[in-house]
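Please read the structure below before turning to the comments.
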Amino acid sequence: MRPLPPRPDDRLPPAFEAEVQRINDRYVHEIVERFKICPFARAGREKGRIVRGVFAQRDAALEPALAWLEQLEATAPEAVEMGIAVYPRFDGDLLAFRRYARALIAAHTERFGPQRAFVGVVFHPDWKLVPTSPASLVPWLRRSPDPTLQWTRRSTLAQIRRPLPPGPFGDRGLVRTDAESRVSSRVAAANFAFVTREGGRERIEGILADILADRTRSYAPWMPGQR
361 MRPLPPRPDD
371 RLPPAFEAEV
381 QRINDRYVHE
391 IVERFKICPF
401 ARAGREKGRI
411 VRGVFAQRDA
421 ALEPALAWLE
431 QLEATAPEAV
441 EMGIAVYPRF
451 DGDLLAFRRY
461 ARALIAAHTE
471 RFGPQRAFVG
481 VVFHPDWKLV
491 PTSPASLVPW
501 LRRSPDPTLQ
511 WTRRSTLAQI
521 RRPLPPGPFG
531 DRGLVRTDAE
541 SRVSSRVAAA
551 NFAFVTREGG
561 RERIEGILAD
571 ILADRTRSYA
581 PWMPGQR
């Protein structure tokens, strides 16, 4: 995954940033790609079309991310399909991060207009499992080790109209058009079948628990007393 760093004042110390990148890599390889949660994650990474920025901010300030999104929006479609923004020090719970994300998405839309190239969705370690329906399961599959916003190019989303490969994948919150909404329903159904069959939930839970324990140990020099 290629770096697309935020402004120098918005970055972590290099050693801390390297650990955040490593933990995020584990999540991407061991969960997202292994269980096909995102249909284009592996191909995008292997082609060098996914970029990542790690933010130092603790608060809900919008300008650091908006400055980063200006860089992302300026990239060519053939060069970048997805941008990952990671917030390891965000001082707030899931609800607070969702409020921040809504405000940022609104500001991004206002700044770049309805034809903006990228749309965003929240990943967070505190999403809860609600296995009552395919749609209710989607947030649980977005449990990243750090609060994260995934920004995906609209033209890349259109590619999921093709037949689904085996395994669970998808991001319901990213879908915008009617055609993509129909695909979203199929994606959610595939996710639901995987997690609710024997062993699916436990396999993901076990891997994520190990990644979170690794995160706690690795971040301790910079975030003592973290959860």
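Last residue of the sequence shown: 587 in this note's numbering, with the numbers rising by one and none dropped.
For each residue, glycine too, the CB sits at the ideal point set by N, CA and C.
Beta-carbon proximity check, residue i vs residue j, cutoff 7 Å
i, j, result
"P505", "L454", "no"
"G413", "A463", "no"
"V440", "R409", "yes"
"R418", "D451", "yes"
"P581", "S515", "no"
"F472", "L432", "no"
"V482", "A461", "yes"
"A467", "L422", "yes"
"L497", "N551", "yes"
"Y447", "F415", "yes"
"V480", "W511", "The identity of residue 480 in the sequence shown is Gly, whereas the question assumes Val. It is a contact, given that the beta carbons lie within the stated cut-off."
Distance, residue j Cα to residue i Cα
i, j, result
"V555", "C398", "15 Å"
"L524", "A403", "In this predicted model, L524 has a pLDDT of only 44, less than 50, meaning its place in the structure is not dependable; the value taken from the coordinates is given anyway. Roughly 15 Å separates the two Cα atoms."
"R449", "K488", "21 Å"
"T537", "S493", "Low per-residue confidence applies at T537: pLDDT is 49, beneath 50, and the placement is therefore not dependable enough to give any value."
"P424", "Q381", "18 Å"
"R362", "E562", "31 Å"
"H484", "T508", "6 Å"
"T469", "L429", "11 Å"
"R606", "L426", "Lying outside 361 to 587, the shown extent of the chain, residue 606 is not represented and no answer is given."
"L372", "I391", "25 Å"
"R575", "E565", "15 Å"
"I465", "I383", "25 Å"
"P499", "E406", "26 Å"
"L568", "D369", "31 Å"
"A378", "L501", "25 Å"
"P365", "G443", "11 Å"
"P474", "R513", "13 Å"
"F400", "A420", "29 Å"
"R577", "D570", "11 Å"
"A549", "A495", "8 Å"
Under the three-state DSSP convention, the category residue i falls into
i, result
"G585", "coil"
"T512", "strand"
"V388", "helix"
"F376", "helix"
"A445", "strand"
"R362", "strand"
"G404", "helix"
"P437", "coil"
"A550", "helix"
"I397", "coil"
"W487", "coil"
"Q417", "coil"
"Q381", "helix"
"P368", "helix"
"R502", "helix"
"Q475", "coil"
Residue i: first and last residue of the uninterrupted alpha helix (DSSP H) it sits in
i, result
"Q431", "423 to 433"
"R577", "560 to 579"
"F483", "First-last for F483: 478 to 483, but that is the beta strand (DSSP E), not the alpha helix (DSSP H)."
"E470", "454 to 472"
"A495", "494 to 497"
Range of the contiguous beta strand (DSSP E) that encloses residue i
i, result
"R412", "410 to 414"
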